[in-house]
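Student: Sequential numbering of the sequence shown, starting at 1, is according to full-length UniProt numbering.
Ideal Cβ placement from N, Cα and C applies to all residues, glycine included.
To start, I am sharing the structure in question, which I have written as structure tokens.
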Amino acid sequence: MIVVCGLIGLAALQPALAKEFTLYLLRHAQKTTESQDPGLTDNGLTQARHLATMLAHVPLTRIYSTAYRRTRQTVMPLAEHREIEVSHYDPQQLDNFASNLLERAENALIVGHSNTTPQLIEMLGGEAPDMTESDYADIYLLSFSDSGITSLRLVIP
1 MIVVCGLIGL
11 AALQPALAKE
21 FTLYLLRHAQ
31 KTTESQDPGL
41 TDNGLTQARH
51 LATMLAHVPL
61 TRIYSTAYRR
71 TRQTVMPLAE
81 HREIEVSHYD
91 PQQLDNFASN
101 LLERAENALI
111 VGHSNTTPQL
121 IEMLGGEAPD
131 MTESDYADIY
141 LLSFSDSGIT
151 SLRLVIP
């Protein structure tokens, strides 16, 4: 079941957009605590499968993930189902990545971390959500159009 938490922000874009597009940003699914580069728990793997089902028919052009195991495992079911190659981005270079996303103006899924996803949302013009270590796999939509940016948070149980 998906719960829509509500509209979390609306901001105006400076330049007019040539086309409308939506970015889907989320923190990876629930991780284990076993190593420096942990994978997903059984619940996290279930969250990843739910994500793939939810986004099965969303018109995505690209899927982005950091190189960490937990983010790769989060997007893998969707990437395999949709036959979209996962592109890795450097979470230490968020300014460049945000600029690249805005220049491309394509529908894309971006999976990150609790310390990078809110920061990236803000760099893209949205309102940075409060995110704790226990917030996993909620989807933050940023829809870009000539009238501005609409933000929405979908809570994944």
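Hey, which unbroken runs of the alpha helix (DSSP H) at 4 residues or more fall wholly within the stretch 75-146?
Tutor: Complete alpha helix (DSSP H) runs here, min 4: 94-104, 117-123.
Student: Tell me the DSSP secondary structure of L60 in three-state form.
Tutor: Note: L60 maps to coil in three-state DSSP.
Student: Using the Cβ count rule (16 or more neighbours within 10 Å means buried), how would you classify P59?
Tutor: So P59 ends up on the exposed side.
Student: Which residues in the same chain as L109 place their Cβ atom closer than 6 Å to its Cβ, once the five residues preceding and following it in sequence are excluded?
Tutor: Closer than 6 Å at Cβ, skipping near neighbours: Y24, L60, I63.
Student: Going by Cα to Cα distance, which pick from R104, H50, Y68 is closest to K19?
Tutor: Selected option, being the one with the closest Cα: R104.
Student: Closest by CA to D95, which one among V75, R82, P118?
Tutor: Minimum Cα distance to D95 is reached at P118.
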